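Asks: Would you mind keeping the following structure in view while I ask a few things?
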Amino acid sequence: MPGGHDALAHRYASLAAYPVLLYGAWRLPFLPPALWQAACALFALFYWQWAYRRYRAVADTPTARAASVALGYCELYGTARAHPRAPLTSAISGRPCLWFGYRRVWQGPGRRPLTGHADQGTTSAESFLLVGEDGGEVVIEPERAEVRARHRRSWVEDGWRIDETWIADGDPLYALGEVSAIGGAPTRAERDADFKAALEALKRDPAALARFDADGNRELDLTEWDAARDAVARDVDRQHRELAAIPVSLHLAAPADGRPFIVAALSPQDAARGYRRLAWLHASLGLATLAALPLLAGASL
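All residue numbers for the sequence shown refer to the working numbering, where the first residue is 5 and numbers rise by one.
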């Protein structure tokens, strides 16, 4: 099932790299300090840019109203609600939820299990709803989203330490992504494009073309070809009438251009604050490590 991933938690874990770099410089003094500094600078710059880009995306995108949101890249805030056709139960705890992530680490005695000493994963409902304060609803399709959950629980079971995070029905929900509309009356341009595609498909299907070969000479004259075009047009128009009868629904999903796609059980302010904090932690620790590396390398000689 589509999941998304708890990206920010993983990026906070990346802060552990700075003491590892310092330890490496201390234990391997024969490597030049410039090498350690280059590795530190590239690492810090990469993660600072990753977090700061998301901070600016969250902070600079105005929050739209769910009932009147424009199509395109936008930010929404409201309440998470389960989609009636896409319920989900956590495979870890059995609780109803909209999204869950887990990490299991073996802490029991003896040899680790054959499955390995640790595993982790995420699972989401195929879609769930964001209900705005104005009553508007937007369907969230969380596949490939960077997810930040609201709830967390840890326990030990059969030698495993299990950490579970989840988004529950009724949680506050922030979403940043691409909004599109599904359903409603297709446009004239969409009708023309569908007619052209259906006509091209007919040309590649000899069996379908034979239905319009009234004189059986295996070739369509102008009259027979006009009849085929009219039949295709009627079929496309029928399909579009059926589509027009479907109520329009708004869907928020991953942007096609690679811009950040974030789903968080937080307020917009808290979502921005988390990315800003991570950006400046990487900047500060990166600079401190850069300054300490030559001193540490000199002390180890």
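The C-beta atom is built at its ideal place from N, Cα and C for all residues, glycine as well. Note that the structure is predicted; figures quoted are calculated from it, not measured.
Taking Arg148 as the reference, which of Leu180, Asp123, Leu39 and Leu134 has the closest Cα?
Replies: Looking at the Cα atoms, Leu180 is the closest of the given residues.
Asks: Just grab the DSSP bridge partners of Trp159 for me.
Replies: DSSP, once it has assigned bridges, lists Ile166 as partnering Trp159.
Asks: By a C-beta neighbour count over all protein chains shown, 10 Å radius and 16 as the cutoff for buried, is Tyr307 buried or exposed?
Replies: With the chain covering only 5 through 305, there is no way to say anything about residue 307.
Asks: Quick test of the definition: if touching needs 3 or more C-beta pairs under 8 Å, does the segment 81-99 touch the segment 160-170?
Replies: The segment 81-99 vs the segment 160-170: in contact.
Asks: Once DSSP output is grouped into helix, strand and coil, what is the label at Leu297?
Replies: Leu297 falls in the helix class under three-state DSSP.
Asks: Using a Cβ-Cβ cutoff of less than 8 Å, which residues in the same chain neighbour Leu289 once the five nearest sequence positions on both sides are dropped?
Replies: Only Leu19, Tyr22 and Ala48 meet the Cβ criterion.
Asks: Rounding to the nearest angstrom, what Cα-Cα distance links Val73 and Glu182 in this structure?
Replies: Those two C-alpha atoms are separated by around 11 Å.
Asks: Is the separation between the beta-carbon of Gln124 and that of Gly163 shorter than 8 Å?
Replies: Against a cut-off of 8 Å, the Cβ pair of Gly163 and Gln124 comes out as no contact.
Asks: Going by DSSP in three states, Glu141 sits in which element: helix, strand or coil?
Replies: Note: Glu141 maps to strand in three-state DSSP.
Asks: Run through DSSP, which three-state label would Gln124 get?
Replies: Gln124: strand per DSSP, three-state reduction.
Asks: Taking only the alpha-carbon atoms, compute the straight-line gap between Ile144 and Glu246 and give it to the nearest angstrom.
Replies: Rounded to whole angstroms, Ile144 to Glu246 spans 24 Å at the Cα level.
Asks: When we look at the beta-carbon of Leu299 and count the other beta-carbons within 10 Å, is it buried (16 or more) or exposed?
Replies: Looking at its Cβ environment, which holds fewer than 16 other Cβ atoms inside 10 Å, Leu299 is exposed.
Asks: What does the alpha-carbon distance come out to for the pair Trp52 and Ala42?
Replies: Roughly 15 Å between the two C-alpha positions.
Asks: Within its chain, find whatever has a CB closer than 6 Å to the CB of Arg108; leave out the 5 residues flanking it on each side and keep chain order.
Replies: Once the five neighbours on either side are set aside, the close Cβ partners of Arg108 are Asp123, Trp164 and Ile166.
Asks: List the DSSP bridge partners of Thr67.
Replies: In DSSP, Thr67 forms a bridge with Glu79.
Asks: Nearest by alpha-carbon distance to Leu294: which of Ala231, Trp40 and Arg31 is it?
Replies: Cα-wise, what sits closest to Leu294 is Trp40.
Asks: Measuring CA to CA, which of Ala249, Thr191 and Glu150 is closest to Arg15?
Replies: Per the Cα distances, Glu150.
Asks: Look up Phe104 in the DSSP assignment and give the residues it is bridged to.
Replies: For Phe104, which the question treats as bridged, DSSP gives the partners Thr127 and Trp170.
Asks: Alpha carbon to alpha carbon, how far is Ala269 from Arg263? Give it in angstroms, no decimals.
Replies: One C-alpha to the other measures close to 20 Å.
Asks: Straight-line CA distance for Ser131 to Glu141?
Replies: Taking the straight line joining both Cα atoms gives about 12 Å.
Asks: List the residues that DSSP assigns as beta-bridge partners of Val109.
Replies: Looking at the DSSP assignment, Val109 forms a beta bridge with Ala122 and Arg165.
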